[in-house]
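Visitor: If you scroll down you'll find the structure; I have some questions about it.
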Amino acid sequence: MAPLIKPPSLGDLLKYELEPNFTRETVTLRAGAAYPLGAVLGLVATGPDAGRFAFAADEAETGETAAAAVLLEPVDTTDGERRGTVLRRGPAILSRAELVFDPSLGDESQRAGRIAELTDLGLVVRETA
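Straight run, no breaks: the sequence shown in this note's numbering ends on number 348.
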């Protein structure tokens, strides 16, 4: 019998949240990617996708380099932009193991920079089980 593998859940990612009506927002995600639960997102500042969210990348011409939110549900935008719920501000505690970074953030120092930006938003990232 094959083992049953359970995908990550919101409880695996979000360890503490004071008031969901304050910390969460529904936002539009830029088309062209499958965003998993825990995706670290940046706000697109320029271009035709301005105001939408996408992976916080190492370098981006449209400005989404700074971490601005964490996605609280998987959203597939390969067929076009979609809306999703994000954690936009704290106080909240997130599990480091469940955060998903853009592949352009190859080394831990770059990821640490995004984590520091999340901390500035009141989103504390901890090593948790």
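For glycine and all other residues, C-beta sits at the position ideal for the given N, C-alpha and C.
Treat the numbers as computed from the prediction; the structure is a model and nothing was measured.
Suppose you measure from the CA of Thr284 to the CA of Met220; what does that come to, to the nearest Å?
Guide: Within the sequence shown, residue 284 is the residue found at index 65, counting from 1. Within the sequence shown, residue 220 is the residue found at index 1, counting from 1. The alpha-carbon of Thr284 is positioned some 44 Å away from that of Met220.
Visitor: Give the C-beta separation of Ala273 and Leu260 to the nearest angstrom, bearing in mind that I take them to be a contact with Cβ-Cβ under 8 Å.
Guide: In the sequence shown, counting from the first residue as 1, residue 273 sits at position 54. In the sequence shown, counting from the first residue as 1, residue 260 sits at position 41. Right, their Cβ atoms sit about 7 Å apart.
Visitor: In whole angstroms, what separates the C-alpha of Arg315 from that of Ala335?
Guide: Here the question's residue 315 lines up with position 96 in the sequence shown. Here the question's residue 335 lines up with position 116 in the sequence shown. Going from the Cα of Arg315 to the Cα of Ala335 covers about 12 Å.
Visitor: What are the complete alpha helix (DSSP H) segments, minimum 4 residues, inside the segment 229 to 266?
Guide: Qualifying alpha helix (DSSP H) stretches, in chain order: 229 to 232 and 239 to 242.
Visitor: If you scan the segment 262 to 320 from start to end, which runs of the beta strand (DSSP E) of 3 or more residues do you find wholly inside it?
Guide: 272 to 274, 288 to 290, 301 to 306 and 311 to 314
Visitor: The alpha helix (DSSP H) spanning Leu340 covers which residue range?
Guide: Start at 1 with the first residue of the sequence shown, and residue 340 comes out as number 121. According to the DSSP assignment, Leu340 belongs to no alpha helix (DSSP H), since it is labelled neither H nor E.
Visitor: For Leu337, which option in Gly309, Ser328, Ser323 and Leu324 has the closest C-alpha, if you only look at C-alpha atoms?
Guide: As a position in the sequence shown, residue 337 is number 118, starting the count at 1. Ranking the options by Cα distance to Leu337, first place goes to Gly309.
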